[in-house]
Amino acid sequence: MTYVVTDNCIMCKYTDCVEVCPVDCFYEGENTLVIHPDECIDCGVCEPECPADAIRPDTEPDMDKWVEFNRKYSEMWPVITRKKDPLPTAAEMDGQDGKLDKYFSEAPGAGD
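If you count the sequence shown from 1, you need to add 757 to reach my numbering.
Next comes the structure, spelled out in structure tokens:
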């Protein structure tokens with residue numbers, strides 16, 4: 758099992774999860790985060806820390822696409838290990854549908 762970041766992180770990018778990760782397996786894009794599924798140790802400490810409820814275990818239905826999404830971008834983006842401010846759009850974007858198609862950016866974030 759692994760944990761993955763889903764589309765509710767897009768345009769929010771809360772980083773509370775990053776701060777508690779014991780293995781530094783989060784990677785930063787311009788407007789979202791991902792978890793490297795091969796580095797995640799399945800501890801689950803990140804899931805309850807996410808204000809946007811964007812982190813899910815891969816054992817939930819329809820998570821295969823998110824495992825591959827997280828794998829792809831974690832291999833392209835820089836690691837992030839420290840908490841940063843969320844995006845200015847976080848409160849208004851939290852919970853919106855269709856964020857992957859409407860807002861996702863493949864551009865990397867700054868990382869640490």
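Positions of the beta carbon are idealized from the N, C-alpha and C atoms, including for glycine.
Burial is judged here by how many other beta carbons sit within 10 angstroms of a residue's own beta carbon; Val775 has at least 16 and is buried. For Phe861, no alpha helix (DSSP H) segment is defined, and its DSSP state is neither H nor E. Short of 6 Å from the beta carbon of Ser862, and not among the five residues preceding or following it, lie these beta carbons of its own chain, in chain order: Glu787, Asn788. About 5 Å separates the beta carbon of Lys856 from that of Asp764, a gap short enough to meet the 8 Å contact definition. Comparing alpha-carbon positions, the option among Met833, Arg839, Cys778, Trp834 lying closest to Ile812 turns out to be Cys778.
Excluding five sequence positions before and after Cys807, the CB atoms of its chain that fall closer than 7 Å to its own CB belong to Tyr771, Asp773, Cys774, given in chain order.
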